[in-house]
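Student: Each number in the numbering used here corresponds to the 1-based position in the sequence shown with 441 added. Think of the CB as a built atom: it goes at the ideal place given N, C-alpha and C, for glycine as much as any other residue.
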Amino acid sequence: MQVKTISILDKNNKSEIKWHIFLYVIFFVYIKVIKRLTKNKFMKQRNNDFKKRPFKGKRHRREEFYVPGCGLGVKIPDAEYGTLEKGLRYLKRQLKDADTMMTLREKRYYTKPSMKRRVKKEEAIRDQQYRERIKKGYDRWHPCWTAIMDGKAS
């Protein structure tokens with residue numbers, strides 16, 4: 442089976458190329474017109490059936506959930522839908538800001554003082570290695586030149 446390829450520069454097939462382009466343009470315009478007509482039809486249908494949503498009620502502010510004098514407490518103002526979830530979200534934020542969950546996680550198991558010192562030392566070594574690696578990379582791309590004039594570095 443042979444496949445015939447049409448070159449744009451081929452002089453014998455100019456009419457055939459124009460015909461293909463013409464068909465493509467007609468097809469493209471036809472698709473656009475159909476899309477626009479169906480879109481308008483559905484939009485008109487949607488606008489006629491439009492119903493307003495029922496009034497949900499008052500939106501609560503953050504201050505209404507907090508308990509005065511209690512840093513880690515939340516009150517739920519009413520029994521509307523979504524208010525409990527919002528209150529729980531504020532409680533989780535308070536616990537995260539007070540670092541309560543992290544201290545509970547750390548005190549879940551007993552760690553010996555020597556283990557605490559070892560972990561602290563390893564963290565310090567890692568931090569120092571990281572800083573040295575960053576400084577080494579910075580120095581590689583930002584060389585520093587020292588000029589010596591009259592026997593003194595400046």
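#1: Under 8 Å between the Cβ atoms of K499 and F506?
#2: Which of the three DSSP states, helix, strand or coil, is assigned to V508?
#3: Is the beta carbon of K527 sitting closer than 8 Å to the one on H501?
#4: Using the C-alpha atoms, what's the distance from R574 back to I449?
#5: Could you check the C-alpha separation between M546 and D540 for me, to the nearest Å?
#6: Locate the alpha helix (DSSP H) running through G578, then write down its first and last residues.
#7: Where does K533 sit, in a helix, a strand or coil, going by DSSP?
#8: Hey, quick one: how far does the alpha helix (DSSP H) through Y521 stretch, first residue to last?
#9: Apart from the five residues just before and just after Q535, which ones in its own chain have a Cβ nearer than 6 Å to its Cβ?
#10: Can you tell me the Cα-Cα spacing of T446 and P584, whole angstroms?
#11: Whole angstroms are fine: how far does the CA of Q569 sit from the CA of V508?
Tutor: Looking at the atomic coordinates:
#1: Numbered from its first residue, the sequence shown carries residue 499 at position 58. Numbered from its first residue, the sequence shown carries residue 506 at position 65. In this structure, F506 does not lie closer than 8 Å to K499 by Cβ.
#2: For this step, residue 508 is matched to residue 67 along the sequence shown. Looking at V508 - three-state DSSP - the assignment turns out to be coil, as it is neither helix nor strand.
#3: Start at 1 with the first residue of the sequence shown, and residue 527 comes out as number 86. Start at 1 with the first residue of the sequence shown, and residue 501 comes out as number 60. For K527 and H501, yes; Cβs fall inside 8 Å.
#4: The residue given as residue 449 occupies position 8 in the sequence shown. The residue given as residue 574 occupies position 133 in the sequence shown. Because the pLDDT of I449 is 48, which lies under 50, any placement of that residue in the model is unreliable, and the question is left without a value.
#5: As a first step, residue 546 must be located in the sequence shown, where it is residue number 105. As a first step, residue 540 must be located in the sequence shown, where it is residue number 99. Looking at the sequence itself, residue 546 is Arg, so the reference to Met does not match. In a straight line, the C-alpha of R546 is about 10 Å away from that of D540.
#6: In the sequence shown, residue 578 corresponds to position 137, counting from 1. Residues 554 to 582.
#7: To locate residue 533, count along the sequence shown from 1; it is residue 92. The answer is helix: DSSP assigns K533 an H, G or I state.
#8: Position 80 of the sequence shown, counted from the first residue, corresponds to residue 521. According to the sequence as given, residue 521 is Glu; it is not Tyr. Careful: E521 lies outside any alpha helix (DSSP H) and carries neither H nor E.
#9: For this step, residue 535 is matched to residue 94 along the sequence shown. Within the same chain, Q535 has close Cβ partners L513.
#10: Along the sequence shown, one-based indexing puts residue 446 at 5. Along the sequence shown, one-based indexing puts residue 584 at 143. With a pLDDT of only 46 at T446, under 50, the local geometry of the prediction cannot be trusted, and no value is derived from it.
#11: For the purposes of this step, residue 508 is identified with residue 67 of the sequence shown, where counting begins at 1. For the purposes of this step, residue 569 is identified with residue 128 of the sequence shown, where counting begins at 1. Computed Cα separation, rounded: 44 Å.
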